[in-house]
Amino acid sequence: MRHTRAAMVVAAFFSVGARAPERPPITGVSHLAVYSRDLAASERFYAGVLGARKVADPENGAGARYQFSGTQFVEVLPAPAGLGASLFAHAAYRTPDASALRSWLLARGARGVGALEQGAGERRFAARDAEGNEVQFVETEASAAAVPGAVSGRIIHIGHAVRDRAKEDGFYRTLLGFRPYWFGSFEPPKVDWVSQQTPEGRDWLEYMMVGQGSRVSEASLDARQLGVLNHLSLGVRNMQTAATELYRGKKMTGRHDGPQMGLDGKWQANLYDPDGTRVELMEFHAVTEPCCSPFTAPDPEG
5 MRHTRAAMVV AAFFSVGARA PERPPITGVS HLAVYSRDLA ASERFYAGVL
55 GARKVADPEN GAGARYQFSG TQFVEVLPAP AGLGASLFAH AAYRTPDASA
105 LRSWLLARGA RGVGALEQGA GERRFAARDA EGNEVQFVET EASAAAVPGA
155 VSGRIIHIGH AVRDRAKEDG FYRTLLGFRP YWFGSFEPPK VDWVSQQTPE
205 GRDWLEYMMV GQGSRVSEAS LDARQLGVLN HLSLGVRNMQ TAATELYRGK
255 KMTGRHDGPQ MGLDGKWQAN LYDPDGTRVE LMEFHAVTEP CCSPFTAPDP
305 EG
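According to this note's numbering, the sequence shown is numbered sequentially starting from 5.
Here is the structure:
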């Protein structure tokens, strides 16, 4: 009997020891990186219109970061020669341990996992999602305090074009643990937008669906359409207050639409940077019943 119990203890020990390590947390959106063909015009928009704080870009000295808080920003990069219609560079998410998350992804055969880079109070690495988009994971020592005077201190979601929902779900939901939040369309039962929250946070990634099953065909994609699809969203507590401040400051003179009620039941408005990348202002909470599907996770808080 003693030998049997000892064997059970040893087996249990090795079972626990062999258990796969848990994935390090992914807590929210870090930033969206976009290309610009006119960096001075981009500065007038992100700093002048939206009130973001311009700081040096430790990844690319020719670019700039426009911060809405110490941990969230838009990275604007000079467009390389020969760049096509899409100005989307990469999406990035926050983690408290970039090194451990990188090791975890490597152990699971994730695509395109790059070297761990560090500097300027942060550590980061890049990988590739199932459709080949660059995805970064960033660990930062910065404070999350909002930038004074910015239209918002919080990026609540980022979105980019997706062709194959099931394929991308394999990366974001199955591998990384992103959680369903909401989906919808102008023409149900088609699906144009699929939102999933970060595993340990409430910010979300929005698939902007292209191709079969959505209203957007691959053939219809041009620079203007891609600028709508590849976007970021800034959370505001009250749309009337946010829009009024922009109008009073004569900052709604460029291309924009709204405010309007979104199909998710939240007030929203869209502004566009000089290259056509959409910046969506959105209230944190729905005020009417959403179309198409209920919310299946808690809203972010502002």
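Backbone N, C-alpha and C define an ideal beta-carbon position, used for all residues, glycine too.
Item, Value
"I need the boundaries of the beta strand (DSSP E) containing alanine 273, first residue and last residue.", "271-276"
"Taking DSSP as the reference, what is the three-state secondary structure of threonine 248?", "helix"
"State the beta-bridge partners of leucine 267 as determined by DSSP.", "The partner list for leucine 267 (beta bridge, DSSP) is empty, contrary to what the question assumes."
"Within 7 Å: the Cβ of proline 84 and any heavy atom of the ligand PLP?", "Looking for the ligand PLP in the displayed structure turns up nothing, as the structure carries no ligands at all."
"Give me the residue from His161, Pro152, Ser46, Ser90 with the minimum Cα distance to valine 33.", "His161"
"Please go through the same chain and pick out, in chain order, the residues whose beta-carbon is closer than 8 Å to the beta-carbon of aspartate 196, but skip the five residues on each side of it.", "Gly188, Ser189, Phe190, Met212, Met213, Ser218, Arg219, Val220"
"Measuring CB atoms only, is the segment 102-109 touching the segment 71-91, in the sense that at least three cross pairs come out at less than 8 Å?", "no"
"Given 8 Å as the limit, is there contact between the segment 274-284 and the segment 227-235, that is, 3 or more CB pairs closer than that?", "yes"
"Look at tyrosine 176 and phenylalanine 299 and say whether their C-beta atoms are less than 8 Å apart.", "no"
"Go through its chain and collect everything with a Cβ distance to glycine 55's Cβ below 8 Å, but skip five positions before and after it.", "Val151, Gly153, Ala154, Val155"
"Strictly by DSSP, which residues pair up with tyrosine 50?", "Tyrosine 50 pairs with nothing; no bridge assigned."
"Mind checking whether arginine 273 and alanine 301 have CB atoms under 8 Å apart?", "The sequence shown places alanine at residue 273, not arginine. No; because the gap between Cβ atoms is not below 8 Å, this pair is not in contact."
"For the beta strand (DSSP E) holding valine 283, just list the boundary residues, first then last.", "282-287"
"In its own chain, which residues sit with a C-beta less than 6 Å from the C-beta of arginine 57, not counting the 5 before and 5 after it?", "Gln71, Val151"
"Given this structure, state the Cα-to-Cα distance separating leucine 36 from alanine 96, to the nearest angstrom.", "6 Å"
"Short check: CB of leucine 209 to CB of arginine 112, under 8 Å?", "no"
"Give the secondary structure of histidine 94 by DSSP, where H, G and I count as helix, E and B as strand, and everything else as coil.", "strand"
"Can you look up aspartate 261 in the DSSP assignment and give me helix, strand or coil?", "strand"
"Go to methionine 115, then tell me how far its alpha helix (DSSP H) extends in each direction, as first and last residue.", "Correcting the residue identity first, residue 115 is arginine in this sequence and not methionine. Note, arginine 115: premise wrong, no alpha helix (DSSP H); not H, not E."
"Counting C-beta neighbours from all protein chains within 10 Å, is the total for glutamine 122 16 or more, i.e. buried, or is it exposed?", "exposed"
"For the alpha helix (DSSP H) that arginine 106 lies in, which residues bound it at each end?", "102-111"
"For leucine 267, collect the residues of the same chain with a Cβ closer than 6 Å to its Cβ; drop the 5 residues on either side in sequence, then sort them by chain order.", "Gly188, Cys295"
"Using the C-alpha atoms, what's the distance from threonine 292 back to glycine 65?", "45 Å"
"Span of the beta strand (DSSP E) holding glutamine 140?", "138-144"
"Between aspartate 303 and arginine 206, how many whole angstroms is the CB-CB distance? I'm expecting something under 8 Å.", "7 Å"
"Since leucine 91 and aspartate 226 are thought to touch, with beta carbons under 8 Å apart, how far apart are those beta carbons, to the nearest angstrom?", "Between aspartate 226 and leucine 91 the Cβ distance is about 12 Å, and since that is not below 8 Å, they are no contact."
"Out of curiosity, what's the CA-to-CA distance linking alanine 149 and alanine 124?", "17 Å"
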